[in-house]
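Chemist: Residue numbers (the working numbering), protein chains in the order written: chain A, 290 to 516; chain B, 290 to 516.
C-beta atoms are modelled at their ideal positions from N, C-alpha and C, and glycine is treated no differently.
In this text, all values refer to a predicted model and were calculated from it rather than measured experimentally.
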DNA sequence: AGATGTATGTCGCCG
DNA sequence: CGGCGACGTACATCT
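Written out as structure tokens, the structure reads:
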């Protein structure tokens, strides 16, 4: 990792064209050749960047300015003209052990697969990621009467999630094997359900279920968790 | 902007929970208080971060390690325990003049609104952002026979864009005022059209039009442009 | 402030 | 490698 603080102006040409007027900025050159241009504000997104794989070529212009030309395989180019270098240092970071995540949709799905009855009394799991022609249903369950129940899980329940579940239900209810005892019902499960999504779901006869992640996690075997 | 290269371990708790084991990483502290944790790979996205507005509190643990606690208004927290500092420098960057972008969908739309005939011979503009109940049609045009033509513009033409135009056409073709002389046709215009999108569009009777951005820009009045 | 649509989105999974 | 969906999506724009 090389870190350069420099007064520079930048031109990017790729999917779009962009220009950065001359100013003092931070340039990060990662080991894989990727380049990030950061200012002192904004968010984690750089002003400009080049994703790997790419190559950096360092040149000197006729008037003695340093110029970097970053080129990707897809012909995107980032041209950085450096007027003044304020800082330049390199650091060997090694390979990062990586990030351990917890609490995303996949994890919610695992927990609900273990405890389907928290969604509706008497509910039991048939299959996780139940495959259909238009995509996998998060959880396929059966209630105490033997009726099938399709569960769509979201961290945040919005309208598109209800649409997704509606499409699944439409398809599933054409399957004679699943509808022997009656139609397949739907449960829309999320940690937070937006009012519009709730209205749409209930209008379509889909049950909404709020998921308490911390409660579920507490029910889970703590010895399996790292933290 | 403060840049620290340090051996550190990190815990994040917010919308999700995440943990980073001890390793050498680059920490960027921006003037607005935001913090970015970068490794030597990946893309422009940091391993972990905290978006502004947030505050950084610097402490010393009982065993003499440096510890940063970054807190946001929404109670997200990022805890960074630093074992060893390899580099630490601060730089006054000032306010960045900002990025000038060129070639995004909006700009394409402006250019095509000025030159609709490049999409199809004899085409003339009726209205940009033609409002319907399900959203605005990018360009509403009329051809040399007086038939209405709805144009959907994308930088990259993919299936969802075709779906969008299909929905518009379905609705527009129910309007007796627009269909006096015949049905409303569709043109799917993009700088690049993916094969699947092209197949779907043509199957639905939608014409595909590749847009040559540089050509259009050349037709445009150059005195209006900055570069 | 909330809803909507775009993004040089990126990332990961699965075929 | 392409398609598809999730993301701590971020971000701008409009209501």
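Closest by CA to residue 363 of chain A, which one among A/376, A/452 and A/344?
Modeler: Residue 363 of chain A has its Cα closest to that of A/344, out of A/376, A/452 and A/344.
Chemist: Residues in the region 299 to 314 of chain B with C-beta within 7 Å of chain A's C-beta atoms, listed in sequence order?
Modeler: The region 299 to 314 of chain B vs chain A, Cβ under 7 Å: 305, 306, 307, 308, 309, 310, 312, 313 and 314.
Chemist: Near residue 460 of chain A, what residues of its chain come up, given a Cβ to Cβ distance below 8 Å and the 5 sequence neighbours on each side ignored?
Modeler: If we look at residue 460 of chain A and ignore the five residues flanking it on each side, its Cβ neighbours are 421, 422 and 423.
Chemist: Within 10 Å of its beta-carbon, does residue 339 of chain B have 16 or more other beta-carbons around it, so buried, or fewer, so exposed?
Modeler: Buried.
Chemist: Would a C-beta distance cut-off of 8 Å place residue 342 of chain A and residue 321 of chain A closer than the cut-off?
Modeler: Yes, they are a contact pair.
Chemist: In this structure, does DSSP put residue 394 of chain B in helix, strand or coil?
Modeler: Helix at residue 394 of chain B.
Chemist: For a contact defined as C-beta to C-beta under 9 Å, what are the partners of residue 378 of chain B on chain A?
Modeler: Per Cβ cutoff of 9 Å: 292, 294, 376 and 378.
Chemist: Considering only residues of the region 421 to 468 of chain B, which uninterrupted alpha helix (DSSP H) runs meet the minimum length of 4 residues and lie entirely inside it, listed in chain order?
Modeler: Runs found: 448 to 461.
Chemist: Any beta carbon from chain A within less than 8 Å of residue 500 of chain B's own beta carbon?
Modeler: Judged by the 8 Å Cβ criterion, residue 500 of chain B is not in contact with chain A.
Chemist: Run through DSSP, which three-state label would residue 406 of chain A get?
Modeler: Correct three-state label for residue 406 of chain A: helix.
Chemist: With 16 as the cutoff for other CB atoms within 10 Å, does residue 324 of chain A come out buried or exposed?
Modeler: Buried.
Chemist: Considering only residues of the same chain and omitting the five flanking positions on each side of residue 443 of chain A, which have a CB-CB separation below 7 Å?
Modeler: Counting only Cβ-Cβ distances below 7 Å, and skipping sequence neighbours, we find 394, 450 and 479.
Chemist: Residue 389 of chain B versus chain A: which residues are under 7 Å apart at the beta carbon?
Modeler: Chain A residues near residue 389 of chain B: 307 and 308.
Chemist: Exposed or buried, which one is residue 508 of chain B when buried takes at least 16 other CB atoms within 10 Å?
Modeler: Residue 508 of chain B should be labelled exposed.
Chemist: Check whether chain A comes within 8 Å of residue 395 of chain B, counting only Cβ atoms and requiring the distance to be less than that.
Modeler: Answer no: the Cβ-Cβ gap between residue 395 of chain B and chain A never drops below 8 Å.
Chemist: In chain B, which residues lie with their C-beta within 8 Å of the C-beta of residue 361 of chain A?
Modeler: Residues of chain B passing the Cβ test: none, with the nearest at roughly 12 Å.
Chemist: Compute the Euclidean distance between the alpha carbons of residue 475 of chain B and residue 410 of chain B, then round it to the nearest angstrom.
Modeler: Using only the alpha carbons, I get a separation of about 14 Å.
Chemist: Using a Cβ cut-off of 7 Å, pull out every chain A residue sitting near residue 433 of chain B, in sequence order please.
Modeler: Within 7 Å Cβ-Cβ: nothing; residue 433 of chain B doesn't reach chain A, min ~33 Å.
Chemist: Sort B/471, B/298, B/464 and B/495 by Cα distance to residue 440 of chain B and report the nearest one.
Modeler: Ranking B/471, B/298, B/464 and B/495 by Cα distance to residue 440 of chain B puts B/495 first.
Chemist: Is any beta-carbon of chain A found at less than 8 Å from that of residue 443 of chain B?
Modeler: By this cut-off, residue 443 of chain B is not an interface position.
Chemist: List, in chain order, every chain B residue whose beta-carbon is nearer than 9 Å to that of residue 475 of chain A.
Modeler: None at all; the shortest Cβ gap to chain B is about 23 Å.
Chemist: Closer than 8 Å, Cβ to any Cβ of chain A: which residues of the region 333 to 351 of chain B, in chain order?
Modeler: Flagged, chain order: 333, 334, 335, 336, 337, 338, 340 and 341.
Chemist: Give a yes or no on whether the minimum CB-CB distance between residue 504 of chain B and chain A is below 8 Å.
Modeler: Chain A, which has no Cβ nearer than 8 Å to the Cβ of residue 504 of chain B, makes this no.
Chemist: Going by beta carbon distance, what residues of the same chain come within less than 6 Å of residue 327 of chain B, once the five residues before and after it are set aside?
Modeler: Contacts found: 315 and 335.
Chemist: Excluding sequence positions up to five away, which residues of its chain have a Cβ less than 6 Å from the Cβ of residue 378 of chain B?
Modeler: Excluding positions up to five away in sequence, the list reads 292.
Chemist: What in chain A is Cβ-close to residue 450 of chain B, meaning under 8 Å?
Modeler: Near residue 450 of chain B there are no residues of chain A at all, since even the closest Cβ is about 16 Å away, more than 8 Å.
Chemist: Below 6 Å CB to CB, which residues in the same chain sit around residue 374 of chain A once its five sequence neighbours on both sides are set aside?
Modeler: The residues are 295.
Chemist: Could you tell me the alpha carbon to alpha carbon distance between residue 302 of chain A and residue 383 of chain B, rounded to whole angstroms?
Modeler: Straight-line Cα distance between these residues: approximately 26 Å.
Chemist: Which residues of chain B have a Cβ atom closer than 7 Å to the Cβ of residue 319 of chain A, listed in chain order?
Modeler: 329 and 330, listed in chain order.
Chemist: Quick check on residue 333 of chain A: does DSSP put it in helix, strand or coil?
Modeler: Reduced to three states, the DSSP call for residue 333 of chain A is coil.
Chemist: Measure the Cβ-Cβ separation of residue 298 of chain B and residue 309 of chain B and say whether it is below 8 Å.
Modeler: Contact flag set, yes.
Chemist: By a C-beta neighbour count over all protein chains shown, 10 Å radius and 16 as the cutoff for buried, is residue 435 of chain A buried or exposed?
Modeler: Burial call: exposed.
Chemist: Please determine, among B/481, B/477, B/482 and B/502, the residue with the shortest C-alpha to C-alpha distance to residue 493 of chain B.
Modeler: Nearest option by C-alpha distance: B/477.
Chemist: Taking residue 462 of chain B as the reference, give the member of B/473, B/498 and B/398 with the closest Cα.
Modeler: The option with the nearest alpha carbon to residue 462 of chain B is B/473.
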